[in-house]
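Per the working numbering, the very first residue in the sequence shown carries number 20; after that it's consecutive.
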Amino acid sequence: MSMAIPPPPLLPLLHLVALAAMLSFSLPAAIAIDLRILHAFNPFSSLHHPDPFSPSSFEATLLSLTSHDESRLLALAATTTSHARRKKAAPGAPIASGRLLLQTPTYVVRAGVGTPPQPLLLTVDTSNDAAWIPCTACAGCPSSSPSFSPANSSTFQPLPCGTPLCSQVPNPSCPSATDGAAACSFSLTYGSSSLQASLVQDSLSLAADVISGYNFGCLQTVTGASLPPQGLLGLGRGPASLPSQTRPRYAATFSYCLPNFRSLNFSGSLRLGPAAKPRRIHSTPLLANPRRPSLYYVNMTRIRVGGRPVRIPPEAFAFDPSTGGGTIIDSGTMFTRLVAPAYEAVRDEFRRRIKGGGAVTFLGGFDTCYSGAAVKVPAVELEFEGMRVRLPEENVVIRSSSGSTLCLAMAASPGNVNSVLNVVASMAQQNHRVVFDGAGGRLGIARERCT
20 MSMAIPPPPL
30 LPLLHLVALA
40 AMLSFSLPAA
50 IAIDLRILHA
60 FNPFSSLHHP
70 DPFSPSSFEA
80 TLLSLTSHDE
90 SRLLALAATT
100 TSHARRKKAA
110 PGAPIASGRL
120 LLQTPTYVVR
130 AGVGTPPQPL
140 LLTVDTSNDA
150 AWIPCTACAG
160 CPSSSPSFSP
170 ANSSTFQPLP
180 CGTPLCSQVP
190 NPSCPSATDG
200 AAACSFSLTY
210 GSSSLQASLV
220 QDSLSLAADV
230 ISGYNFGCLQ
240 TVTGASLPPQ
250 GLLGLGRGPA
260 SLPSQTRPRY
270 AATFSYCLPN
280 FRSLNFSGSL
290 RLGPAAKPRR
300 IHSTPLLANP
310 RRPSLYYVNM
320 TRIRVGGRPV
330 RIPPEAFAFD
340 PSTGGGTIID
350 SGTMFTRLVA
360 PAYEAVRDEF
370 RRRIKGGGAV
380 TFLGGFDTCY
390 SGAAVKVPAV
400 ELEFEGMRVR
410 LPEENVVIRS
420 SSGSTLCLAM
430 AASPGNVNSV
440 LNVVASMAQQ
450 NHRVVFDGAG
460 GRLGIARERC
470 T
């Protein structure tokens with residue numbers, strides 16, 4: 020649970036004001052809209068498949084999830100290292116890489132695109148600025164997934180090559196350098212797959228709110244083995260993200276409570292607007308990385324296991340914009356990843372403090388697994404500048420449906436990616452209200468049962 024402690028009721032008024040300034044966000048009073056957020060395993064998401072954590076499928080599920088996590092980490096690391104090699108940072112591209120687009124989704128929300136609104140599922144992604152939408156004319160997109168029909172929307176319009184966003188998409192294609200009125204299209208590749216899309220604008224409906232003139236990529240052609248299952252809603256910090264495009268309406272502020280992905284019949288919430296935060300919440304400053312402006316960097320300072328601080332080299336958590344090093348909060352990665360020295364120290368302390376676990380085994384990409392339902396898991400705490408978050412067992416280990424097997428739900432960054440980036444992933448955030456205050460430059464976390 021979050022370690023925020025309410026002040027005694029009789030503190031002097033000036034002390035209360037000062038304390039509130041330290042612990043809360045600088046947000047105007049407003050009403051947030053509230054969207055239902057589902058895990059992709061939820062039977063109501065339309066992406067559901069049979070119990071992925073049954074004893075017979077547990078190991079295969081872990082292997083699949085860790086494999087998709089590694090693909091995502093490779094994409095995140097590639098963007099940080101490619102920017103680090105440049106002498107001057109380029110503007111953040113508003114369109115997600117193919118690697119991030121084609122991964123298996125984790126959490127999704129229902130939205131409407133066009134006028135009248137056409138219902139779609141969109142993946143919630145805090146490390147992307149993009150909105151990707153599969154369109155009905157898309158060749159190669161899954162026929163079983165909902166798509167958007169531009170012809171059935173009275174407010175749809177393609178964006179011309181002369182729009183500033185066209186210069187930021189990957190591999191833009193325009194008839195000539197001087198033809199600014201031509202439609203902006205672009206392409207990208209990922210492994211054996213390739214994508215072609217156009218940059219367009221239409222209305223986006225979220226709950227009762229309608230956002231006019233929302234910019235997104237309309238998928239037209241997909242080839243290869245990997246296909247996008249549905250759209251992508253970018254909640255990153257860059258110029259084309261939902262928070263940036265709706266800044267006048269929602270003050271670049273949102274929060275979510277992610278449901279436990281094992282609670283398949285429950286949902287959480289995504290709230291947009293300044294009223295999205297709890298009344299009392301500790302927070303930590305958001306750090307700006309001009310070479311990777313979309314990511315939500317924070318200063319993680321320490322990890323405790325069983326109440327004891329783990330000895331981790333300070334450079335493992337050091338924020339370094341030139342290399343992309345540091346710690347980010349990310350909704351699209353499932354399991355928390357730490358740079359090797361940090362992970363090994365946390366893992367070793369976890370092994371020392373777990374009780375009743377017996378022999379350590381390897382399973383599904385995890386190196387710290389145990390058998391037996393009576394295993395006692397030590398508490399894990401993440402410490403940030405100005406904020407400490409205590410993680411309950413459900414945020415620390417992953418169990419099979421029978422409870423007979425559990426694994427520490429963390430891992431080291433894969434050896435083939437940039438090893439300087441720590442990722443606090445979605446499983447560690449489950450059943451917490453996570454507040455992203457872009458206007459105030461702060462991020463807060465408080466315990467909340469959202470399932």
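Glycine is no exception: its CB is placed at the ideal position from the N, C-alpha and C atoms.
Between the CA atoms of residue j and residue i - distance to the nearest angstrom
i	j	result
L261	R372	43 Å
N318	S217	38 Å
I464	V324	19 Å
T240	M406	45 Å
Y233	L306	27 Å
T142	A226	16 Å
I348	V128	19 Å
S231	S224	9 Å
G344	A337	7 Å
V416	R299	28 Å
L57	Y126	5 Å
S186	P267	24 Å
R452	M446	13 Å
P169	G255	26 Å
G287	N450	8 Å
F273	A51	8 Å
C157	V132	16 Å
E467	P189	39 Å
E368	L357	14 Å
G243	T155	18 Å
M353	S166	26 Å
G351	A444	7 Å
P304	S173	42 Å
C160	D228	28 Å
D221	A359	44 Å
S341	P136	43 Å
D456	Q249	27 Å
A270	H301	20 Å
For residue i, the residue or residues it bridges with in DSSP
i	result
R471	In the structure as shown, the chain begins at 20 and stops at 470. Residue 471 is therefore absent and cannot be evaluated.
N441	T346
C237	I152, S217
Y269	None, per the DSSP bridge assignment.
F175	In the DSSP output, where bridge partners are listed per residue, F175 has none listed.
Of the residues the options, the one placed nearest residue i, counting alpha carbons only
i	options	result
R366	N450, F385, C180	F385
A200	L223, L251, Q176, A170	Q176
A130	A259, L289, S204, P360	L289
G391	L54, V379, R452, A398	V379
K374	R452, K395, L462	K395
S282	I52, L140, R418	R418
P328	D88, T342, L401	L401
S192	Q215, T134, N450	Q215
T320	L382, L238, F403	F403
L140	S213, G253, L95	G253
Distance cut-off 7 Å: residue i Cβ against heavy atoms of the ligand GTP
i	result
A465	Of the ligands one can find in the structure shown there are none, so the ligand GTP has no counterpart to examine.
Short CB-CB distance (under 8 Å) between residue i and chain C
i	result
M429	Included in the structure is just one protein chain, with no chain C present.
Exercise. Which runs of the beta strand (DSSP E) fall wholly inside the segment 354 to 389 and span at least 3 residues, in chain order?
Worked result: Listed in chain order, they are 355 to 357, 380 to 382.
Problem set entry | Length at least 3, wholly inside the segment 314 to 353: the beta strand (DSSP E) runs in chain order | Runs found: 319 to 324, 345 to 348.
Exercise. Are the segment 177 to 188 and the segment 269 to 278 touching by the rule of at least three beta carbon pairs closer than 8 Å?
Worked result: Judged by Cβ distances under 8 Å, the segment 177 to 188 makes no contact with the segment 269 to 278, as fewer than three pairs qualify.
For this session: Say whether the segment 143 to 155 touches the segment 300 to 316, bearing in mind that this needs 3 or more beta-carbon pairs closer than 8 Å, one atom from each stretch.
Result: Three or more pairs of CB atoms, one per stretch, sit closer than 8 Å, so the segment 143 to 155 contacts the segment 300 to 316.
Problem set entry | Three or more C-beta pairs below 8 Å linking the segment 423 to 431 and the segment 328 to 335 | Not touching, per the Cβ criterion.
For this session: Would you list, in sequence order, the uninterrupted beta strand (DSSP E) runs of no fewer than 3 residues that lie entirely inside the segment 396 to 432?
Result: The segment 396 to 432 is shown to contain whole beta strand (DSSP E) runs of 3 or more residues at 399 to 403, 406 to 410, 416 to 418, 424 to 427, 429 to 431, in chain order.
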